[in-house]
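Have a look at the structure below, then the notes.
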Amino acid sequence: MSRRGAFIVVEGLDRSGKTTQTNLLCEHLSKIGDRPVKLIKFPDRTTPIGQMIDNYLRSKSELDDHAIHLLFSANRWEMRSSLLQLLNEGITVICDRYAFSGVAFTFAKSLVASAPESTRKLTYEWCRTPDAGLPAPDLILFLDISAEVAKLRGGYGDERYEKAELQQRVREVYKRIQDDMQTSGVHWISINASHEMEVVKQEICSYVKDLSNGVNEPIKSLWL
Ligand code: FDM
């Protein structure tokens, strides 16, 4: 196993089936690949920083929008060395949400008319900066659904960001990130997640075949 493991990020809107599809993808890659597959997730709510994030998301605490953004990023930085170790050991890593969620959700908050003035002044560049230099994924799979389909699937849950207006903004920001990633040469695939589970799974599987037995190229740095 001299090739390093592939780093695959799954991003998506709430109700897009991200958790189900991430688990299916792990199973699939374990079957077709020649190496172990590990699933990780952000936020990682198990660390002290992750617990602060969890309290915030469940509205058990209040934080300035800048502060929570930096905590989400710190939660990725604290995992950086173990993530690199996994990849260098040849393990395929599937990651449920990454820095793209960070930018999408925080910048989306700044677009909501009722946001505090300091939040409305947040720039897209500011949102990206704290994650610049983290390991860059080899592939980003973005599960896209409209607010209408999300509603048909039972609407949103109880956590802080699970509100239709914010989710609509998040979707717009993801589109902007997608355009930026295409010019930066990172492989971003947008998948219509409104289809049935099996159809979405097949589409996802069609994109990961080349990564299942590892990658020869060095790990790149995000946004540098
Ligand atoms: N979220 C997630 C952010 O706002 N920033 C981030 O950097 C990350 C990783 O946290 F609403 C938001 C997205 C979502 C919430 O995510 C919790 P999960 O996947 O539902 O646990």
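Here the sequence shown is numbered in UniProt numbering, starting from 1 and rising by one per residue.
Heads up, the beta-carbon is just placed ideally off N, CA and C, and yes, glycines get one too.
Go to residue i, then tell me how far its beta strand (DSSP E) extends in each direction, as first and last residue.
i: residue 236; result: Here the chain covers residues 1 to 224 and nothing more, so residue 236 does not appear.
i: Lys38; result: 37 to 41
i: Asp144; result: 139 to 144
i: Asn192; result: 188 to 192
i: Val112; result: No beta strand (DSSP E) holds Val112; DSSP gives it neither H nor E.
i: Ile8; result: 7 to 12
i: Ile94; result: 92 to 96
Return yes when the Cβ of residue j is within less than 8 Å of the Cβ of residue i, no when it is not.
i: Ala74; j: Val215; result: no
i: Tyr174; j: Ala104; result: yes
i: Val170; j: Leu13; result: yes
i: His69; j: Gly102; result: yes
i: Glu11; j: Phe100; result: yes
i: Tyr207; j: Ile189; result: yes
i: Gln21; j: Lys201; result: yes
i: Ile32; j: Ser146; result: no
i: Lys38; j: Leu86; result: yes
i: Arg58; j: Arg153; result: no
i: Asp96; j: Thr19; result: yes
i: Leu222; j: Leu111; result: no
Closer than 7 Å to a non-hydrogen atom of ligand 1 - does that hold for the CB of residue i?
i: Tyr161; result: yes
i: Ser101; result: yes
i: Thr106; result: yes
i: Arg97; result: yes
i: residue 230; result: No answer is possible for residue 230: it lies beyond the span of the chain, which begins at 1 and ends at 224.
i: Phe72; result: yes
If I follow the unbroken alpha helix (DSSP H) through residue i, where does it start and stop?
i: Trp126; result: 124 to 128
i: Glu172; result: 164 to 184
i: Val149; result: 147 to 152
i: Glu117; result: 117 to 120
i: Gly50; result: 48 to 57
i: Asp65; result: 65 to 77
i: Arg80; result: 80 to 88
i: Lys18; result: 18 to 32
Is any non-hydrogen atom of ligand 3 found closer than 7 Å to the C-beta of residue i, if you look at the structure I gave you?
i: Leu57; result: Ligands in the displayed structure: ligand 1; ligand 3 is not one of them.
Roughly how many angstroms separate the alpha carbons of residue i and residue j, rounded to a whole number?
i: Ser82; j: Glu159; result: 28 Å
i: Asp54; j: Ser118; result: 23 Å
i: Arg80; j: Val93; result: 12 Å
i: Asn23; j: Thr123; result: 34 Å
i: residue 225; j: Ala113; result: For residue 225 there is no data in the structure shown, the boundaries of the chain being 1 and 224.
i: His66; j: Asp34; result: 42 Å
i: Ile8; j: Gln51; result: 25 Å
i: Asn192; j: Leu143; result: 6 Å
i: Leu71; j: Ile49; result: 7 Å
i: Ala150; j: Ser2; result: 42 Å
i: Leu84; j: Tyr156; result: 34 Å
i: Glu217; j: Glu89; result: 14 Å
i: His195; j: Ala164; result: 20 Å
i: Arg76; j: Asp180; result: 21 Å
Using the Cβ count rule (16 or more neighbours within 10 Å means buried), how would you classify residue i?
i: Gln167; result: buried
i: Val199; result: exposed
i: Ala132; result: exposed
i: Glu148; result: exposed
i: Ile140; result: buried
i: Lys109; result: buried
i: Asp64; result: exposed
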